[in-house]
Amino acid sequence: MKFWPKTCSQKEVMFLGELEEILDVIEPSQFVKIQEPLFKQLAKCVSSPHFQVAERALYYWNNEYIMSLIEENSNVILPIMFSSLYRISKEHWNPAIVALVYNVLKAFMEMNSAMFDELTATYKSDRQRLSKAAGETNEETSGTLGSLRL
Numbered sequence: 001m002k003f004w005p006k007t008c009s010q011k012e013v014m015f016l017g018e019l020e021e022i023l024d025v026i027e028p029s030q031f032v033k034i035q036e037p038l039f040k041q042l043a044k045c046v047s048s049p050h051f052q053v054a055e056r057a058l059y060y061w062n063n064e065y066i067m068s069l070i071e072e073n074s075n076v077i078l079p080i081m082f083s084s085l086y087r088i089s090k091e092h093w094n095p096a097i098v099a100l101v102y103n104v105l106k107a108f109m110e111m112n113s114a115m116f117d118e119l120t121a122t123y124k125s126d127r128q129r130l131s132k133a134a135g136e137t138n139e140e141t142s143g144t145l146g147s148l149r150l
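The UniProt record's numbering numbers the first residue of the sequence shown as 1 and each following residue consecutively.
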């Protein structure tokens, strides 16, 4: 994780491929040790505006062994990935990425529907609170500007 390529998308795609090969042979006990930093980085990759990086990261969910590891640890992985996946499902420019994200969200919903529903509700309430706060900030700014126009 320390040497993750940050500036070259092609290297990041290759790195994701190499990492998948390592994950294919990792023991579940070793996976638990790396799952948090790994999925924090995968959440960033999924959110990448470079569609090949996002696509390569989303292909991890097509790997049966990795899916079994994710399912065993969904209580840790789902909260890490959820906000990125949900946001991308609404905002990504590439329809193929959006379709892949929907498949991943569907898999998470089937794995742990109670946690999925809880995270969805929390995400929506957080977004409403943020948009309300942004609206109040805009009103305050407009009021200040209006008083300056005297």
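We put the beta carbon where it would ideally sit given N, CA and C, even for glycine. The structure presented is a predicted model; accordingly, all values stated were derived computationally and were not measured.
In three-state terms, what does DSSP make of F82?
In this structure, F82 counts as helix in the three-state DSSP scheme.
Leaving out five residues on either side along the sequence, give the residues of the same chain with a beta carbon under 7 Å from the beta carbon of S83.
Counting only Cβ-Cβ distances below 7 Å, and skipping sequence neighbours, we find Y123.
Measure from the alpha carbon of V53 to the alpha carbon of each residue in N62, P5, A114, then state which is nearest.
Of N62, P5, A114, the residue nearest in Cα terms is P5.
Here's a check: name, in chain order, each residue in its chain whose Cβ is nearer than 8 Å to the Cβ of M67, leaving out the five neighbours to either side.
The answer, listed in chain order, is W61, A107.
Would you decide whether V101 is buried or exposed? Buried here means 16 or more other CB atoms lie within 10 Å of its CB.
That one is buried.
With the cut-off set at 9 Å, would you say M111 and E71 are in Cβ contact?
Yes, Cβ-Cβ distance for M111 and E71 is below 9 Å.
Taking only runs of the alpha helix (DSSP H) that begin and end inside the stretch 81-111, which ones reach a length of at least 4 residues, in chain order?
95-111, all fully within the stretch 81-111.
What's the gap between the Cα of A57 and the Cα of M115?
Taking the straight line from one Cα to the other gives about 22 Å.
First and last residue of the alpha helix (DSSP H) that includes C8?
No alpha helix (DSSP H) holds C8; DSSP gives it neither H nor E.
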